[in-house]
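Below is one structure, written out as structure tokens; comments come after it.
There are 2 protein chains.
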Amino acid sequence: MPLIVQKYGGTSVGDLQRIKNVAQRVIRTKKEGNQVVVVVSAMAGETDKLIRMAQEITPTPDERELDVLISTGEQVSIALLAIALKSMGCDAKSYLGFQIKIATDSAFGKARITGIESEKIFEDLKEGRVVVVAGFQGVDEEGNITTLGRGGSDTTAVAIAAALKADVCEIYTDVDGIYTTDPNIYSKARKLSKISYDEMLEMASLGAKVLQIRSVEFAKKYNVPIHVRSSFNDQPGTIVCEEEEEMERVVVSGVTYNKNEAKIEVMRVPDVPGVAAKLFKPIAEANIVVDMIIQTSSADKGYADVAFTVPKPDFPKALQIVKETIKEIGGKEVLSDENIAKVSIVGVGMRSHSNIASQMFSALAKEGINIQMISTSEIKISCIIDSKYTELAVRALHDAFELDKPTVTEER
Amino acid sequence: MPLIVQKYGGTSVGDLQRIKNVAQRVIRTKKEGNQVVVVVSAMAGETDKLIRMAQEITPTPDERELDVLISTGEQVSIALLAIALKSMGCDAKSYLGFQIKIATDSAFGKARITGIESEKIFEDLKEGRVVVVAGFQGVDEEGNITTLGRGGSDTTAVAIAAALKADVCEIYTDVDGIYTTDPNIYSKARKLSKISYDEMLEMASLGAKVLQIRSVEFAKKYNVPIHVRSSFNDQPGTIVCEEEEEMERVVVSGVTYNKNEAKIEVMRVPDVPGVAAKLFKPIAEANIVVDMIIQTSSADKGYADVAFTVPKPDFPKALQIVKETIKEIGGKEVLSDENIAKVSIVGVGMRSHSNIASQMFSALAKEGINIQMISTSEIKISCIIDSKYTELAVRALHDAFELDKPTVTEER
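This is the structure in structure tokens:
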């Protein structure tokens, strides 16, 4: 019998009627001849409400206790869903993280799953029960409650699907799949029927918010197919899966943007070995993640210019650190710019197609958009531009790579 | 160093400011040179809110899942209190039922505590931490979450005090102690400074709602002194403890009443062995607890009249069962009355004083109150009367036994 793990997000269980709707969908899936494990998030708004309560007491609540607090949201959801299922005549049982040993490290608020005990779940499934699991939470070696960070329920679902070797992990959300770009920015955005793990990872980390990055990493590692779809209709969504040959025929799968970074430029630092290390070490020590880094020769010989981007919330701190650092290592001045955006194109087909970069640059140039920084990986190219051109750039790239047209595979 | 277990009820942690106040009181207790373990209830109204949600889905929610749901209320409280304590510079750690193995049976919604692991708590206390424990919840042998029933946090506190051999278990509530009678009914009601476990058990089961009965049984069994006091002031409250010699000098400690019972009378049943068993067996099987039972000879020879009381919510069902039963065992008619009240006097001194009953009957007679049923135990006498006379009876008995006057012990 096929085994399906379904995950329902906060809006899908946002009120009691929606919880009943979820119960009905679960029962339908079971009646279609599947074993079903359901992972649920907290009801929409609950986690934020709990965090606000803690922050009303103190702006910096203890991290262990904050996890005790916010993990209650999912506990309420699993109980209500199990109650709904049983009231509809479907045998069901809910489990919290500690009850099926969703083992994690002890990084409160951003813990990583290290293992799941599947015995109890298999027993229940064998008895014909639907198993309802609390997303977002786990338990560390000492029995402390941990949480997995924003979107952590996605990772719970994928981890459970991996542990149970489920046939598919369905992620139900308020959008109906992964799009070629943000439909709010460009009406020609098209829903993808399939996307590879690697592409999804680049899309997610570049700013698309549908899936938690870690859940995709997990799915890739254990080869769990993810089906991202809407809980408000029955349309198929987007399958995130291993790369298939036919995917390579599509050069660019999506255009993403990210307005949440800021740029720092250090002009005229001595171009000697070890200077970059000296510049970035204190930033790393402050737990600031640097994204793009570009080093170029300065107009002055023997000197270099270094530019890099950091998340906007970390920008003031990073700037201060850099200003301190160049007193030591030398450097003429520090420039910065918060009005930047990163636009990117992503596609596994890039590996086998040349000339994609120049097509991208031409498309931007044609709209008079200046490129400030460029970075590339095997399957993506990102450009930093003035943030006011973001939407224009996204639409231009979407057109240039004809993303509105269905691929050969999809036409079949 | 003295070890104090403090329990704060729902109104004492009813909002964030009150939680901060509790934290301050805990810190003060610690600074006075005590080790402190705190047990908290859910914030006032939370448990009811959760139950309402479940009942909106179905009038009969699954009991296991209901416990998963309603145990979140205490989880929120312990996290917020621990966050408050830590933000005030007091090291603290919260524990859920499963984390310190508050072991219970599997009677969801009314589970009984069978054991507590005290190691972790002692370790934390040794490190100078305040330990914050979720009341009302435990975990059964299979790791299911259980709850202890209304007022269950009292029992959690007493059970922990017993396990840790604490010096005292302080129960903070919205009243400032145990009174000779309900102050809302009689302004002359006086706060008792001390009361024995047995008296408290009779008072609680007779209708005083300050402590969960099971917590008093637990305290008696393990000889844990309970100090019932207000969380809104610093006045000493009432100590519930082992019977002391001086307590016996006081004949009557309190007057209680209970309007939540109804009376059923079965007239003229055959007076043969086994007839009472036949009458009450089906009632017991319906899980209805019968309180007072009186059997008298009927005016007709060879027949008896049987009268008994049941809780009002069970009254319609009990009446129906009895009507069915007498078809089988015989009986002339079934009378019933919902407008009754039970008034009782309680006191360990009764054991060594005669004539208390007749004093009670006289006091009621003087007010023209007719007694319908009487039942007695070693330390209490209860009378069933017309409910409209409840307040009058309570005041008359309070006056008759001079409960407004402080006892010799208290005057010292």
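Chains as they are written, first to last, in the working numbering: chain X, 55 to 466; chain G, 55 to 466. All residues carry an ideal CB built from backbone N, CA and C; glycine is no exception. The structure presented is a predicted model; accordingly, all values stated were derived computationally and were not measured.
Decide yes or no for the touch test of the stretch 106-115 of chain G against the stretch 143-160 of chain G: beta carbon pairs closer than 8 Å, at least 3 of them.
Segments in contact, no.
G/Q469 touches chain X at which residues, Cβ-Cβ below 7 Å?
Missing from the structure shown is residue 469 of chain G; chain G here goes from 55 to 466 and no further.
What residues in the stretch 136-151 of chain X bring their beta carbon closer than 7 Å to a beta carbon of chain G?
A136, I137, A138, K140, S141 and S148
List the whole-angstrom C-beta distance separating X/S285 from X/Y62, where the pair is believed to meet the contact cut-off of C-beta under 8 Å.
Right, their Cβ atoms sit about 6 Å apart.
According to DSSP, is G/L70 helix, strand or coil?
helix
Within its chain, find whatever has a CB closer than 7 Å to the CB of X/D453; leave out the 5 residues flanking it on each side and keep chain order.
Within the same chain, X/D453 has no close Cβ partners at all.
List the residues of chain G that X/E315 touches, going by C-beta distances under 7 Å, in chain order.
Within 7 Å Cβ-Cβ: nothing; X/E315 doesn't reach chain G, min ~32 Å.
Taking the beta carbon of X/A340 as the centre, do at least 16 other beta carbons fall within 10 Å, making it buried, or is it exposed?
exposed
Leaving aside the five residues before and after X/N88 along the sequence, list all residues of the same chain whose C-beta is less than 6 Å from its C-beta, in chain order.
P56 and I58
Is the beta carbon of X/V448 closer than 9 Å to that of X/Y276?
no
In the DSSP assignment, what are the bridge partners of X/C437?
X/V397 and X/I428
Coil, strand or helix - G/S307 by DSSP
G/S307: coil per DSSP, three-state reduction.
Assuming X/D359 and X/I394 form a contact by the criterion Cβ under 8 Å, report the distance between their Cβ atoms to the nearest whole angstrom.
With a Cβ gap of about 16 Å, X/D359 and X/I394 do not count as contacting.
Secondary structure at G/T235, three-state DSSP: helix, strand or coil?
coil
G/T201 in three-state terms, based on DSSP:
strand
Do G/L135 and G/V193 count as a contact pair if the criterion is CB distance below 9 Å?
no
Jot down the residue ranges of each uninterrupted beta strand (DSSP E) in the stretch 335-380 of chain G, minimum 3 residues, whole runs only, in chain order.
347-351 and 357-365
Does the beta-carbon distance from G/S259 to G/M301 come in below 9 Å?
Cβ distance not < 9 Å, so G/S259 and G/M301 don't count as in contact.
Amino acids of chain X, ordered along the chain, whose beta-carbon sits closer than 8 Å to that of G/I111:
Neighbourhood of G/I111 in chain X, by CB distance below 8 Å: L70, I73, K74, L134, I137, A138 and S141, in chain order.
Does any C-beta atom of chain X lie closer than 9 Å to the C-beta of G/R118?
yes
Thinking just about the alpha-carbon of each residue, which of G/V76, G/I438 and G/Q426 is nearest to the one in G/Y226?
Checked all of G/V76, G/I438 and G/Q426; the closest Cα to G/Y226 is G/V76.
For chain G, is any of its Cβ atoms less than 9 Å away from the one on X/Q60?
No - not a single Cβ of chain G is within 9 Å of the one on X/Q60.
From what residue to what residue does the beta strand (DSSP E) around G/D102 run?
Per DSSP, G/D102 belongs to no beta strand (DSSP E); it is in the alpha helix (DSSP H), E100 to I111.
Beta-carbon neighbours of G/L202, restricted to chain X and to distances below 7 Å:
Under the 7 Å cutoff, chain X gives no residues; its nearest Cβ is about 17 Å from G/L202.
To the nearest angstrom, report how far apart G/M427 and G/V222 are at their CA atoms.
Rounded to the nearest whole angstrom, the CA to CA distance from G/M427 to G/V222 is 39 Å.
Can you check which of these residues, X/D236, X/E421 and X/I124, is closest to X/D102 by C-alpha distance?
X/I124
What is the rounded straight-line gap between the Cα of X/T350 and the Cα of X/I318?
14 Å
Have a look at G/L218 and G/R72 and give me their C-alpha separation to the nearest angstrom.
27 Å
Three-state secondary structure assigned by DSSP to X/S269:
DSSP, read as helix, strand or coil, puts X/S269 in helix.
Close Cβ partners of G/R118 (< 7 Å) along its chain, the five nearest in sequence each way excluded
Closer than 7 Å at the Cβ level, and outside the excluded window around G/R118, lie F162 and N198.
For X/S390, which residues from the same chain have a beta carbon less than 6 Å from its beta carbon, with the 5 sequence-adjacent residues on both sides left out?
If you ignore the 5 residues before and after X/S390, its C-beta comes within less than 6 Å of the C-beta of I318 and L373, all in its own chain and listed in chain order.
Integer-rounded CB distance, given that X/V397 should sit under 8 Å from X/L451
7 Å
Taking all protein chains shown into account, do 16 or more other C-beta atoms lie within 10 angstroms of the C-beta of G/E256, making it buried, or fewer, making it exposed?
buried
Does X/K74 pass the burial test, meaning 16 or more other C-beta atoms within 10 Å, or should it be called exposed?
buried
Report the neighbours of X/T126 on chain G: residues whose CB is nearer than 7 Å to its CB, in chain order.
What X/T126 touches in chain G: T126, Q129 and V130.
Taking the C-alpha atoms as reference points, what is the distance between X/P370 and X/A331?
20 Å
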